Amino acid sequence: MDFILQPWAWYVGGPLISISLLLYFYFGKNFGASTNFETLCTMAGAGNFSDYFKKDWKQRDFALLFVVGLIIGGFISSNFLIPEQIIDLNPTTVQELTDLGFANAGNQYFPDEIFGSEIYTSLKGFLILIISGVLIGFGTRYAGGCTSGHAITGLSSLQFPSLLAVIGFFIGGIIATWFIIPIIF
Amino acid sequence: MVYNSNYILDMKNIKFLFLGIFFAIVLSKTEAISWYRFYEMFKFQSFHMFGIIGGAVVISMIFMQLFKKGIIKDINGNKIIPKPKKKGFISTILGGTLFGLGWGISGACAAPIFVILGFKLIPALIILFGALLGAFLYGLVSNKLPN
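Residue numbers (my numbering), protein chains in the order written: chain A, 1006 to 1190; chain B, 48 to 194.
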């Protein structure tokens, strides 16, 4: 039980993610997460606006069940499996974030500065989340995958486009954390 | 008791629900949904996320070889062939970069957005709404974009 409640090390996480991929393929489907954004658009009636969304979402009921599982799993984890949401961050990271004005760096999973009550009170807080979301949705669809589909499935099956995509992920992520975060905070 | 075929089909896919729960717990317990962990990764200040993603890629490579050689087949006995990714230099690099920007700012990538709903419901809903809007915009302009 103690192991369950402790944070899991990287060498536990890597293999367990691979096992998830293995099971997904064993169950007969292609591992990935971002196609679901498209499927949810289709369900919401996006097919009325573009033929791109004229697809049969029932073909993807397995993926929707996976998504529901992700939500349930997140709920179980946050309420029962992580008694203290403390992250053992690099002290340099903590110092850097403190200098940027982030209080409690590492003493929670999600910074209050982005996930806290500011989203209700300031337009900036709301825009940070919604614009990030638009970039995630648009970018994953344009690139044809996300961390699961490109970085893990694509790289491990030696697909060249996935290498390009992962290079792109890092270009974007580095610009965001080295330049954009210091500007907006 | 007689079940109709739709019902059986649903039950067959229920395993994906459990797999989703398992995957979410793995991501949560290894901190791979935490904004801080991704910030640290993009600033190259910790090995943690590189270890997780790198480890997952290396072990998955072994599975991919076993799929290719037909040693591991799927549940129906069919050969497992990962879907080929669409090609296109500009689309993958540019799309990847846009996604990376959103990921770097919000600390959320695709699967974790759904997991974070269980942690921070309203903020995650806003990100999810944005992601659906983004996917919708892509669908509208997809045939006008360079590949």
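Cβ coordinates follow ideal geometry from the N, Cα and C atoms, glycine included. Values in this document were obtained by computation on a predicted structure and should not be read as measured data.
Relative to V162 (chain B), the option among A:F1071, A:G1111, A:L1102, A:S1127 whose CA is nearest is A:F1071.
Distances from the alpha-carbon of S1083 (chain A) to those of B:A158, B:A71, B:V104 put B:A71 closest.
Fewer than three Cβ pairs drawn from the stretch 1177 to 1185 of chain A and the stretch 1032 to 1045 of chain A lie within less than 8 Å of each other, which leaves the two stretches out of contact. In this structure K1063 (chain A) is exposed. Its beta-carbon is surrounded by fewer than 16 other beta-carbon atoms within 10 angstroms.
In the three-state reduction of the DSSP assignment, K126 (chain B) falls in the strand class. The Cβ neighbour count for K167 (chain B), taken over all protein chains shown within 10 Å, is at least 16; the residue is labelled buried. Within 7 Å of the CB of L1027 (chain A), the CB atoms of chain B belong to F110, in sequence order along the chain.
For Y1029 (chain A), the CB contacts under 7 Å within the same chain, skipping 5 residues up- and downstream, are F1036 in chain order. At a cut-off of 7 Å, the C-beta of W1015 (chain A) has a neighbouring C-beta in chain B.
Residues of the stretch 119 to 147 of chain B with a C-beta atom less than 8 Å from some C-beta of chain A are I119, D121, I122, N123, N125, I127, P129, K130, P131, K132, K133, K134, G135, F136, S138, T139, I140, L141, G142, G143, T144, L145, F146, G147, listed in chain order. Excluding sequence positions up to five before and after R1146 (chain A), its CB lies within less than 8 Å of the CB of S1039, F1042, E1043, all in the same chain and listed in chain order. For K134 (chain B), the secondary structure class from DSSP, reduced to helix, strand or coil, is coil. For I1081 (chain A), the closest C-alpha among the options B:M108, B:G165, B:L175 is that of B:G165. Between the stretch 1046 to 1064 of chain A and the stretch 125 to 144 of chain B, the count of C-beta pairs closer than 8 Å stays below three; the two stretches do not touch. For K90 (chain B), the secondary structure class from DSSP, reduced to helix, strand or coil, is coil.
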